[in-house]
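Chains as they are written, first to last, in my numbering: chain A, 1 to 375; chain B, 1001 to 1377.
Glycine included, each C-beta is placed from N, C-alpha and C at the ideal position.
Okay, structure first, notes after.
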């Protein structure tokens, strides 16, 4: 049976070839052309065919400026005038290419109206420098390739690349792309500043994680503080009390500049300087306190105070307080018989080998390079 | 004029458990896509260099973004795992669950990341956010030095989908990024963002393609048929119908072809790799999937592949030639399929759409994969 099926298939092949082949070839050519035309848009390099009229070829070339020209254009004319030239060249191009098929004119009107809005925004804006707040919505000029659809979208309009209107579609793309690339170029300084800001915050986090006074998990987890004071959200860290719902501002991503210390264990030693012993050790518990962290270049300067107790091996304890300074921590406790005990303290939680290994891993790999690249 | 592809990892990518870096498999998968679809050569930017590498202007820049360091710090510092977990999870986890998490390396190295990102809003989450946005903005700044127009594609996997959704909201709040509408494509593989974040934060503009001043121009969500992770709370899984006030906007985006869901199937590894059944949730497996690879290749190229081109590339045949799972038709797969059907059919207690309970389900999902691995080692 299988043998007959195969035979039948081979017999049908020569019969169907004359019908199928031209169709397949045409479809293949059209698909390839569509793809090429789309690629011209998205790569911002519209091509012109030898058969295109010379006026059209010249107009396409003018409308699709390479970004290397932007510096000179802006110096010569300023941002608003340069954008107006983009539009003028677009209008000239469209006068050569506009065809009345498949919504091409409406697509151009949509692009042009966004372009006009942007130009008006830039003209009313801050003069020689363009800021993102001057621009109403340049994203509408972005050429979007819908992954679940055909053609391209610009200013909310779909552009197909059928042979009849291929040049028009490419032209609209070229103008939108050109304008978008110019606008992105105009915002270069602002975009670079955002990158530098993120890199700086990243460095401060590295610093915080590697050098700031350690945090216990009770101190660190915002939710846990709710357990301690019923009906009132007490903050263990600045992030907690500042806002509970994100406002999506950059300061929310900063490492803490203020933080509280809560039930924080550490170790201390009291210099004695007697013949039989150089120091006496104690476990310190900081019950509550507040710290101010200043990020200065490669260092954090920490100032703060906390209420603490010192617990000695002899089961005795003394109440007092801790002073945090940029050079170290000093505890002052009320000893027996009115004696004042002064203790120096380290950061116990940072002493464990595991913690030290982990902190090494925390050093952000890219931050140094990013900083250098932005200089 | 480089095209930028940012790859953002998911859970369990830390280095505390040893092994090769998370990006090794993904790098192989990307190289396989580049070769198979005839894409521009890849420039692997890990770390991001100081200057534009020579001759890279017309290449595709691939930037792997790591943010696991904060989680590794916790793991390394947690000498007593159970005690540390009690502090993190508070009353949210039963003692038995805490014991499981502390004892089982797979859970400790994977699920803990999600719990930490979700709970530690003071340090781990902002650090992760800053790491992601630093990489995106720095890669972009370097691309501007290369000149020309830049296209940006963000591909996030698993926990990375939530971390990136969160990070992109901050990026959109910075004026120039919102103005430029700068992310051409945002692809989420095994999206968990709706389980870890409020509805508004996941779906509202500027993350709504075609919405008001969108930062993200197009959005694709990919689910593997046997991956339980995107099904933690089925009633909250990423879908336009679950977008609350933004449901209509997402439906419009889907109609316009700007947003959509891709269901993938099968398990393969990049050339010379060895697939495991747990790779139904693997980053590389998602990238290489028959249903996903052509879409991503089209995005990287800048124009979708036409049916004719796809026929020439014949990705299904190339996919079939990749290292395949050793037990594709055994009882292990049948068991996993049955377990997944039950997992997906999970109904919320009381019939409501509660936000809680996702971590218990994450552990259940991970255990489901571990059981499958035992049957298909």
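What does residue i touch in chain B if you count any residue whose Cβ is under 9 Å from its own?
i                      : result
residue 77 of chain A  : Under the 9 Å cutoff, chain B gives no residues; its nearest Cβ is about 20 Å from residue 77 of chain A.
residue 218 of chain A : 1087
residue 209 of chain A : 1069, 1070, 1073, 1123 and 1127
If contacts are defined as beta-carbon pairs under 8 Å, then residue i and residue j qualify, I think. What distance do you get, rounded to the angstrom?
i                       : j                       : result
residue 1074 of chain B : residue 1116 of chain B : 6 Å
residue 203 of chain A  : residue 262 of chain A  : Their Cβ separation, rounded to whole angstroms, is 27 Å, which puts residue 203 of chain A and residue 262 of chain A out of contact at 8 Å.
residue 144 of chain A  : residue 1217 of chain B : 5 Å
residue 321 of chain A  : residue 1180 of chain B : Contact doesn't hold; Cβ gap of about 52 Å is too wide.
residue 1283 of chain B : residue 1095 of chain B : The Cβ separation is near 33 Å, so there is no contact.
residue 298 of chain A  : residue 213 of chain A  : Not confirmed; about 17 Å, so no contact.
residue 1221 of chain B : residue 1261 of chain B : 5 Å
residue 268 of chain A  : residue 343 of chain A  : 4 Å
residue 1155 of chain B : residue 1005 of chain B : 7 Å
Applying a beta-carbon distance threshold of less than 9 Å, which residues of chain A neighbour residue i?
i                       : result
residue 1059 of chain B : Those within 9 Å of residue 1059 of chain B in chain A number zero; the least Cβ separation is about 13 Å.
residue 1340 of chain B : The premise fails here: residue 1340 of chain B is roughly 25 Å from chain A at the closest Cβ pair, so nothing lies under 9 Å.
residue 1258 of chain B : 144, 146, 147, 148, 149 and 153
residue 1011 of chain B : Near residue 1011 of chain B there are no residues of chain A at all, since even the closest Cβ is about 17 Å away, more than 9 Å.
residue 1084 of chain B : 217
Taking 8 Å as the cut-off, is the C-beta of residue i nearer than that to any heavy atom in the ligand SAM?
i                       : result
residue 1214 of chain B : Annotation note on the ligand SAM: not contained in the displayed structure, which lists no ligands.
Less than 8 Å between C-beta atoms, sequence neighbours within five positions excluded: which residues of the same chain meet that for residue i?
i                       : result
residue 323 of chain A  : 304, 305, 329, 330, 331 and 332
residue 1278 of chain B : 1369, 1370, 1372 and 1373
residue 85 of chain A   : 73 and 77
residue 1131 of chain B : 1065, 1066, 1067 and 1069
Could you pull out every residue in the same chain whose Cβ sits closer than 7 Å to the Cβ of residue i, ignoring the five residues on either side in sequence?
i                       : result
residue 70 of chain A   : 182 and 185
residue 1126 of chain B : none
residue 1211 of chain B : 1205 and 1249
residue 1332 of chain B : 1277, 1372, 1375 and 1376
residue 238 of chain A  : Confidence is the limiting factor: at residue 238 of chain A the pLDDT is only 48, short of 50, which leaves the residue's position unreliable and the question unanswerable from this model.
residue 1362 of chain B : 1111, 1114 and 1232
residue 230 of chain A  : Annotation note: pLDDT 43 at residue 230 of chain A (below 50); position unreliable, coordinate value reported separately. Nothing meets the Cβ criterion.
residue 1133 of chain B : 1167, 1170 and 1171
residue 301 of chain A  : 294 and 326
residue 360 of chain A  : Confidence is the limiting factor: at residue 360 of chain A the pLDDT is only 43, short of 50, which leaves the residue's position unreliable and the question unanswerable from this model.
residue 307 of chain A  : 287, 288, 289 and 321
residue 180 of chain A  : 138, 141 and 142
Apart from the five residues on each side of it in sequence, which residues of its chain come closer than 6 Å, Cβ to Cβ, to residue i?
i                       : result
residue 1041 of chain B : 1059
residue 1014 of chain B : 1068, 1071 and 1072
residue 208 of chain A  : 255
residue 74 of chain A   : 82
residue 1227 of chain B : 1190, 1280 and 1281
residue 1151 of chain B : 1003 and 1184
residue 265 of chain A  : 285
residue 1415 of chain B : The structure shown does not extend to residue 1415 of chain B, since chain B is modelled only from 1001 through 1377, so no value can be given for it.
At a CB-CB cut-off below 8 Å, which residues of chain B make contact with residue i?
i                      : result
residue 124 of chain A : What residue 124 of chain A touches in chain B: nothing, since even the nearest Cβ is about 15 Å away.
residue 191 of chain A : 1137, 1140, 1141, 1144, 1176, 1177 and 1180
residue 135 of chain A : 1179
Which residues in chain A sit within 7 Å of residue i, going by Cβ to Cβ distance?
i                       : result
residue 1380 of chain B : Residue 1380 of chain B is absent from the model: chain B starts at 1001 and stops at 1377.
residue 1385 of chain B : Outside the modelled stretch of chain B, which goes from 1001 to 1377, sits residue 1385 of chain B, for which no answer is possible.
residue 1130 of chain B : 198, 201, 202, 205 and 253
In chain A, which residues lie with their C-beta within 8 Å of the C-beta of residue i?
i                       : result
residue 1168 of chain B : Chain A residues near residue 1168 of chain B: none, gap ~10 Å exceeds 8 Å.
residue 1030 of chain B : The contacting residues do not exist; residue 1030 of chain B stays about 18 Å from chain A at best.
With a threshold of 9 Å between beta carbons, is residue i in contact with chain E?
i                     : result
residue 68 of chain A : Within the model displayed, chain E is absent; protein chains A and B are what it includes.
List the residues of chain B that residue i touches, going by C-beta distances under 7 Å, in chain order.
i                      : result
residue 188 of chain A : 1144
residue 248 of chain A : 1169, 1170 and 1173
Worksheet item: Any chance the stretch 275-295 of chain A sits against the stretch 1198-1206 of chain B, with 3 or more Cβ pairs inside 8 Å?
Response: No, they do not touch.
Worksheet item: Okay, do the stretch 1361-1372 of chain B and the stretch 1119-1128 of chain B touch, 3+ Cβ pairs below 8 Å being the bar?
Response: The stretch 1361-1372 of chain B, when compared against the stretch 1119-1128 of chain B, does not touch it at the 8 Å Cβ threshold.
Practice prompt. Scan the stretch 1247-1284 of chain B and note each continuous alpha helix (DSSP H) run of 4 residues or more that stays entirely inside, going in chain order.
Written response: Qualifying alpha helix (DSSP H) stretches, in chain order: 1247-1255.
Worksheet item: Between the stretch 1333-1350 of chain B and the stretch 1047-1064 of chain B, are three or more C-beta pairs nearer than 8 Å?
Response: No: the two stretches stay apart, fewer than three of their Cβ pairs being nearer than 8 Å.
Practice prompt. Say whether the stretch 1169-1184 of chain B touches the stretch 189-203 of chain A, bearing in mind that this needs 3 or more beta-carbon pairs closer than 8 Å, one atom from each stretch.
Written response: Three or more beta-carbon pairs drawn from the stretch 1169-1184 of chain B and the stretch 189-203 of chain A are found closer than 8 Å, and the two stretches are therefore classed as touching.
Practice prompt. Write down every uninterrupted run of the alpha helix (DSSP H) in the stretch 1308-1360 of chain B whose length is 4 residues or greater and which is fully enclosed by it, in chain order.
Written response: Listed in chain order, the complete alpha helix (DSSP H) runs (minimum 4 residues) inside the stretch 1308-1360 of chain B are 1315-1320 and 1331-1344.
Item to complete: For the stretch 1187-1195 of chain B and the stretch 1308-1321 of chain B, state whether three or more C-beta atom pairs, one from each stretch, are separated by less than 8 Å.
Response: Too few Cβ pairs lie closer than 8 Å, so no.
Worksheet entry | the stretch 165-172 of chain A contacting the stretch 103-123 of chain A, beta-carbon criterion three pairs below 8 Å | As far as the Cβ criterion goes, the stretch 165-172 of chain A touches the stretch 103-123 of chain A, which means the pair count is three or higher.
Worksheet item: In chain order, which continuous runs of the beta strand (DSSP E) of length 3 or greater are located wholly inside the stretch 1011-1086 of chain B?
Response: You should have 1042-1044 and 1060-1065.
Discussion item. Any contact between the stretch 1288-1297 of chain B and the stretch 1260-1267 of chain B? By contact I mean 3 or more CB pairs, one from each, below 8 Å.
Written reply: Counting Cβ pairs under 8 Å, three or more are found: they touch.
Discussion item. Extract the residue ranges of the alpha helix (DSSP H) inside the stretch 132-216 of chain A, only unbroken runs of 4 or more that lie entirely within it.
Written reply: The DSSP assignment places 166-186 and 188-211 as complete runs of the alpha helix (DSSP H) inside the stretch 132-216 of chain A, in order along the chain (cut-off: 4 residues).
Worksheet item: Can you list, in chain order, the stretches of the alpha helix (DSSP H) that have 4 or more residues and sit fully within the stretch 55-95 of chain A?
Response: If one requires a minimum length of 4 residues, the alpha helix (DSSP H) runs lying completely within the stretch 55-95 of chain A are 70-77, in chain order.
Discussion item. I'd like the ranges of any alpha helix (DSSP H) spanning at least 4 consecutive residues and lying wholly in the stretch 1085-1160 of chain B.
Written reply: Counting only runs of 4 or more, we get 1095-1103, 1105-1119 and 1124-1146.
Worksheet item: Hey, which unbroken runs of the beta strand (DSSP E) at 3 residues or more fall wholly within the stretch 1176-1233 of chain B?
Response: The stretch 1176-1233 of chain B contains these whole beta strand (DSSP E) runs: 1183-1189 and 1216-1224.
Item to complete: May I have a chain-ordered list of the beta strand (DSSP E) segments no shorter than 3 residues that lie completely inside the stretch 296-356 of chain A?
Response: Segments of the beta strand (DSSP E) lying fully in the stretch 296-356 of chain A: 299-311, 317-325, 328-334 and 340-345.
Practice prompt. Could you tell me whether the stretch 145-163 of chain A touches the stretch 56-64 of chain A, where touching means 3 or more Cβ pairs closer than 8 Å?
Written response: The answer is no - the stretch 56-64 of chain A does not touch the stretch 145-163 of chain A, with fewer than three Cβ pairs under 8 Å.
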